[in-house]
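Here the protein sequences line up with chains H and Y, keeping their order.
Position one of the first sequence corresponds to residue 0 (numbering that gives the first Met the number 0), numbered consecutively onward.
Position one of the second sequence corresponds to residue 0 (numbering that gives the first Met the number 0), numbered consecutively onward.
Virtual Cβ for every residue (Gly too), placed ideally from N, Cα, C.
Below is one structure, written out as C-alpha cells; the observations come after it.
2 protein chains.
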Amino acid sequence: MPDEVPKRILSIQSAVVSGYAGNRASTFPLQLLGYDVSALNTVHFSNHTGYGSFRGFRLTAEQILEQYEGLEENGLSCRHGYLLTGYVPGEEGVMAVGQIAERLRNERKRMGEGLMWVCDPVMGDQGRLYVSQGCVEAYKDIIRSADVITPNQFEAETLTGLTITSLPTLRTAMTALHEAYGVKHVVITSIQLPSHPDSLICAGSTQTPGKHMHAQFWYQVPKQPGFYSGTGDVFAALLLAHLDAGSLAEGGALQIVVRKVLSTLSSILSRTRKGMEEELQTSSTDLDRNEKEEKVRVIRAAELRLVQSQEAILRPPESGWLEPRVDWPEEMN
Amino acid sequence: MPDEVPKRILSIQSAVVSGYAGNRASTFPLQLLGYDVSALNTVHFSNHTGYGSFRGFRLTAEQILEQYEGLEENGLSCRHGYLLTGYVPGEEGVMAVGQIAERLRNERKRMGEGLMWVCDPVMGDQGRLYVSQGCVEAYKDIIRSADVITPNQFEAETLTGLTITSLPTLRTAMTALHEAYGVKHVVITSIQLPSHPDSLICAGSTQTPGKHMHAQFWYQVPKQPGFYSGTGDVFAALLLAHLDAGSLAEGGALQIVVRKVLSTLSSILSRTRKGMEEELQTSSTDLDRNEKEEKVRVIRAAELRLVQSQEAILRPPESGWLEPRVDWPEEMN
Numbered sequence: 000m001p002d003e004v005p006k007r008i009l010s011i012q013s014a015v016v017s018g019y020a021g022n023r024a025s026t027f028p029l030q031l032l033g034y035d036v037s038a039l040n041t042v043h044f045s046n047h048t049g050y051g052s053f054r055g056f057r058l059t060a061e062q063i064l065e066q067y068e069g070l071e072e073n074g075l076s077c078r079h080g081y082l083l084t085g086y087v088p089g090e091e092g093v094m095a096v097g098q099i100a101e102r103l104r105n106e107r108k109r110m111g112e113g114l115m116w117v118c119d120p121v122m123g124d125q126g127r128l129y130v131s132q133g134c135v136e137a138y139k140d141i142i143r144s145a146d147v148i149t150p151n152q153f154e155a156e157t158l159t160g161l162t163i164t165s166l167p168t169l170r171t172a173m174t175a176l177h178e179a180y181g182v183k184h185v186v187i188t189s190i191q192l193p194s195h196p197d198s199l200i201c202a203g204s205t206q207t208p209g210k211h212m213h214a215q216f217w218y219q220v221p222k223q224p225g226f227y228s229g230t231g232d233v234f235a236a237l238l239l240a241h242l243d244a245g246s247l248a249e250g251g252a253l254q255i256v257v258r259k260v261l262s263t264l265s266s267i268l269s270r271t272r273k274g275m276e277e278e279l280q281t282s283s284t285d286l287d288r289n290e291k292e293e294k295v296r297v298i299r300a301a302e303l304r305l306v307q308s309q310e311a312i313l314r315p316p317e318s319g320w321l322e323p324r325v326d327w328p329e330e331m332n
Numbered sequence: 000m001p002d003e004v005p006k007r008i009l010s011i012q013s014a015v016v017s018g019y020a021g022n023r024a025s026t027f028p029l030q031l032l033g034y035d036v037s038a039l040n041t042v043h044f045s046n047h048t049g050y051g052s053f054r055g056f057r058l059t060a061e062q063i064l065e066q067y068e069g070l071e072e073n074g075l076s077c078r079h080g081y082l083l084t085g086y087v088p089g090e091e092g093v094m095a096v097g098q099i100a101e102r103l104r105n106e107r108k109r110m111g112e113g114l115m116w117v118c119d120p121v122m123g124d125q126g127r128l129y130v131s132q133g134c135v136e137a138y139k140d141i142i143r144s145a146d147v148i149t150p151n152q153f154e155a156e157t158l159t160g161l162t163i164t165s166l167p168t169l170r171t172a173m174t175a176l177h178e179a180y181g182v183k184h185v186v187i188t189s190i191q192l193p194s195h196p197d198s199l200i201c202a203g204s205t206q207t208p209g210k211h212m213h214a215q216f217w218y219q220v221p222k223q224p225g226f227y228s229g230t231g232d233v234f235a236a237l238l239l240a241h242l243d244a245g246s247l248a249e250g251g252a253l254q255i256v257v258r259k260v261l262s263t264l265s266s267i268l269s270r271t272r273k274g275m276e277e278e279l280q281t282s283s284t285d286l287d288r289n290e291k292e293e294k295v296r297v298i299r300a301a302e303l304r305l306v307q308s309q310e311a312i313l314r315p316p317e318s319g320w321l322e323p324r325v326d327w328p329e330e331m332n
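Here it is in C-alpha cells:
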C-alpha cells in the first residue's frame with residue numbers, strides 16, 4: 000500500500016518559546032492529525048504577551064518574504080496545498096502575507112493544483128484593537144483572496160463596520176463579510192450576546208451563490224471562566240484540518256466541521272482548567288507574593304494542556320450538547 | 000485521577016520553515032511522547048543547509064540569552080526539568096547555551112529539583128568541521144556540565160583527539176570522554192568502521208565510578224543509502240524521552256534506551272526511503288532538469304516522514320535484529 004502524498008500546510012503565525020500561542024499552538028494538533036506543517040514564524044517571543052512582560056523580536060516584512068523566497072528557490076513553496084495565517088506584526092507584514100498567498104496560489108495554479116487559505120485576521124479582541132489602522136486596511140485588502148476567515152466578534156465588527164449585539168445582527172454581519180470580501184466560508188468565534196449571558200456563540204456561514212440564503216448556523220458553548228491563550232489559533236488549525244477531511248459541499252459541511260472543532264477545543268479547555276486548578280493549589284503557599292507575581296502565576300497555570308489532549312484532538316468527543324442551530328430570530332424593531 | 004505535572008523540556012536548537020532539522024525534528028516526537036517542549040530557536044532558515052541554498056538569519060548570543068531571560072522573568076525557566084541542546088551558531092552562542100544550562104541547574108537546585116541535560120555537540124560530520132575552532136573549545140568547556148552527550152564519530156574524535164578506526168579505539172574514545180569531561184552518559188552515533196563496511200555502529204557508555212570498567216555496549220545497524228537530514232536531532236530527542244521513561248540505574252539501562260531509539264529511527268528511515276522512492280518516481284518526467292535541480296529534487300524527497308511515523312515513535316517496534324553487543328575485541332598490535 001503506497002503512502003499518500005503528504006498533506007502540507009504553510010502556517011505563518013507568531014511563535015513563543017514557552018507555552019502556546021500562534022504557530023506553537025497550531026503546529027502540534029495539525030501534525031498529530033497527519034499534516035506536514037511548515038512554520039514561518041512572524042515574531043519570536045519568550046512567552047505570550049498576556050504575561051505583561053516578554054522578550055524577543057518581530058520579523059520585518061522583508062524577513063518574512065525572504066524566508067518564503069528560500070522555499071521558492073528550492074521548489075518547496077509549491078508543495079503546500081494549504082495556507083494558514085495568524086498574527087503578523089505591522090501593515091507591511093500583513094501585505095507581505097497577502098503577497099505570499101497570491102504567489103503561492105499562482106504557483107499552484109500553474110501546476111494545476113488548488114490552494115485552501117484559512118486566514119485568521121488577528122487585529123484585536125474585546126473591543127480593543129491591538130494593531131494599527133493601517134493593518135486593518137491591509138486585512139480588508141488581503142482577505143478577498145482567502146477561502147475561509149475566522150474573525151472573532153470584534154474583528155468581524157471591525158471588518159464590517161457593524162455591531163454584533165444579537166443573533167439577527169450576527170447573521171447580518173456574516174452576510175456582509177461574504178458580500179464585502181467575497182469570502183466563501185466565514186466562522187465568527189467567541190461571540191458574547193446579551194441574550195446568552197452564560198455562553199459564547201460561534202457562528203458560521205457558507206456562501207451559496209444563486210440561492211436566496213447563505214447556509215448559516217450557530218452553536219452555543221458554555222463560557223469557561225478565565226483566559227486561555229492560543230485557543231483561537233488552535234481553533235483555526237483544527238478548522239483547516241477538519242475542513243479538508245470533510246467534504247466541502249454546499250451547506251451542511253461547515254457546521255459539521257465546526258462542531259468537531261468546538262468539541263475538541265472544549266475538551267482541551269476542560270483539561271486545561273483542571274490542570275490549572277491543581278497547579279494553583281500546589282503552588283499557593285507563598286503569601287508574600289505581590290499582585291504582579293500572582294497574576295503571572297495564574298497565567299502560567301492557564302497555558303493550554305495541548306500535548307496532554309491528544310485523544311481529544313485525534314477523536315473529537317461525542318458532544319450531545321453541541322446542537323447546531325439554524326433558527327435565526329427576526330430583528331425586533 | 001489528577002493529571003501528572005507536565006514534563007517540560009527546554010530545547011535549544013536550529014529551526015527551519017520547511018522540512019526537518021533541529022527543533023523542527025525534535026519537537027514533534029517529544030510532544031507525541033507527552034512532553035511539553037519549549038523551543039528556543041538558534042537560527043531560522045527556510046530549509047536545511049543541505050539544499051545548498053537557504054534564506055533566513057542566525058540569532059546572536061545576546062538574542063539567545065534574551066529569550067531565556069524572558070522565561071526567567073516570568074518564572075517559566077525553572078519549570079523545565081530537561082534541557083536538550085543542538086546546533087548553536089558561533090562560539091559566543093555555544094557559551095551562552097552553557098551559561099543557560101548553569102543558570103537553569105542552579106535555579107532548579109534552589110528549588111530542590113534536578114535537571115537532565117542532553118547535549119548534542121554539533122560541530123561537524125564525515126571528517127569536516129563546520130564550526131570554528133573557537134566553537135570546539137567552547138564545547139570542550141560546556142559539556143562538563145552535561146549529563147548525556149551524543150557526538151557523532153567525527154565529533155567524538157574532535158573532543159578526544161583520538162581516531163576511531165575499530166571497536167577497540169571506539170571503546171577507548173568513550174572512556175576518554177568520561178575521563179576528560181566527567182560526563183556520565185556518552186552515546187556515539189553513526190560510526191563507520193572498516194571492519195563493518197555495510198553497517199553503522201552506535202555505541203554507548205555509562206560511567207560507573209568505583210568499578211573497574213564502564214558499562215559499554217554497541218549496536219550494528221544496516222546502512223541506509225542516501226542522506227537524511229535531522230536524524231541526529233531525532234536521535235537525541237528520543238534518547239532524552241526514553242532515558243527519562245526508563246530507569247537510569249547503573250549499567251544496563253542506557254543500552255535498553257538506545258535500542259528503543261534505534262528501533263524507532265530505523266522505522267522512520269524505512270518509511271522515509273519508501274516515500275522518497277515513490278516521490279522520485281512520480282516527479283521524474285522532466286528531462287530538462289539540470290544537475291543542481293536534480294540534487295535539490297532528491298533532497299526534497301529525502302525529508303523525514305516524521306508525522307507519518309507516529310506509531311513507531313509511540314511504540315518502538317520489536318527489533319530482533321537489534322542485538323546489544325557487549326563483547327569488545329582487544330586491539331591488535
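Tell me which residues share the same chain as residue i and place their Cβ nearer than 7 Å to its Cβ, disregarding the 5 neighbours each side in the sequence.
i, result
"Q254 (chain Y)", "G203, F216 and P323"
"A20 (chain Y)", "S13, H47, S228, G229 and D232"
"G250 (chain Y)", "Because G250 (chain Y) carries a pLDDT of 49, less than 50, the predicted location of this residue cannot be relied on, and the following value inherits that uncertainty. Hits under 7 Å: T205, T207 and A214."
"H43 (chain H)", "A14, G55 and F56"
"P221 (chain Y)", "D197 and S198"
"E106 (chain Y)", "S76 and C77"
"P5 (chain H)", "D35"
"E72 (chain Y)", "none"
"D119 (chain Y)", "T84, G85, T149, G231 and A235"
Can you list, in chain order, the residues of its chain with a C-beta nearer than 6 Å to that of residue i? Leave out the 5 residues immediately preceding and following it.
i, result
"N40 (chain H)", "A14 and N22"
"Y67 (chain Y)", "I99"
"M275 (chain H)", "A300 and A301"
Is DSSP giving residue i helix, strand or coil here?
i, result
"K222 (chain H)", "coil"
"N40 (chain Y)", "strand"
"H184 (chain Y)", "strand"
"E329 (chain H)", "coil"
"D35 (chain Y)", "strand"
"I148 (chain Y)", "strand"
"M93 (chain Y)", "The question names Met, but residue 93 (chain Y) in the sequence shown is Val. V93 (chain Y) falls in the helix class under three-state DSSP."
"A100 (chain Y)", "helix"
"R258 (chain H)", "helix"
"F56 (chain H)", "strand"
"Y67 (chain Y)", "helix"
"A24 (chain Y)", "helix"
"V87 (chain H)", "coil"
"S10 (chain H)", "strand"
"I190 (chain Y)", "strand"
"V15 (chain Y)", "strand"
"I142 (chain Y)", "helix"
Excluding the 5 residues flanking residue i on each side, which residues of the same chain have their C-beta closer than 8 Å to its C-beta?
i, result
"T350 (chain H)", "This structure leaves residue 350 (chain H) out entirely; chain H is present only between 0 and 332."
"M94 (chain Y)", "A60, A137, D140 and I141"
"A248 (chain Y)", "Below a pLDDT of 50, predicted positions are generally treated as unreliable, and A248 (chain Y), at 48, falls in that range; the measurement from the model is reported next regardless. Closer than 8 Å at the Cβ level, and outside the excluded window around A248 (chain Y), lies no residue."
"M110 (chain H)", "C77"
"E101 (chain Y)", "S144"
With a cut-off of 8 Å on the beta carbons, I'd call residue i and residue j a contact; round off their distance for me.
i, j, result
"V260 (chain H)", "F234 (chain H)", "6 Å"
"A240 (chain Y)", "L32 (chain Y)", "5 Å"
"Y218 (chain Y)", "L321 (chain Y)", "6 Å"
"V90 (chain Y)", "S144 (chain Y)", "Reading the sequence as shown, one finds Glu at residue 90 (chain Y) and not Val. Rounded, the Cβ-Cβ distance is 17 Å, inconsistent with contact."
"S262 (chain H)", "P316 (chain H)", "5 Å"
"E329 (chain H)", "P88 (chain H)", "Between P88 (chain H) and E329 (chain H) the Cβ distance is about 42 Å, and since that is not below 8 Å, they are no contact."
"L75 (chain Y)", "S17 (chain H)", "5 Å"
"S37 (chain Y)", "H79 (chain Y)", "7 Å"
Which partner residues of residue i appear in the DSSP bridge assignment?
i, result
"D124 (chain H)", "H:R127"
"W217 (chain Y)", "Y:A202 and Y:R324"
"Y81 (chain H)", "H:I8 and H:M115"
Tell me whether residue i, by its Cβ, gets closer than 8 Å to a heavy atom of the ligand PLP.
i, result
"G49 (chain H)", "Absent from the structure shown: the ligand PLP. Ligands present: none."
Item to check | Cβ contact check for the region 16-30 of chain Y and the region 295-312 of chain Y: 3 or more pairs under 8 Å | outcome: yes
Item to check | Validate contact between the region 139-156 of chain H and the region 179-191 of chain H using beta carbons, cut 8 Å, 3 pairs | outcome: yes
Checklist entry - Is the region 53-68 of chain Y close to the region 80-97 of chain H, with three or more CB pairs under 8 Å? => result no
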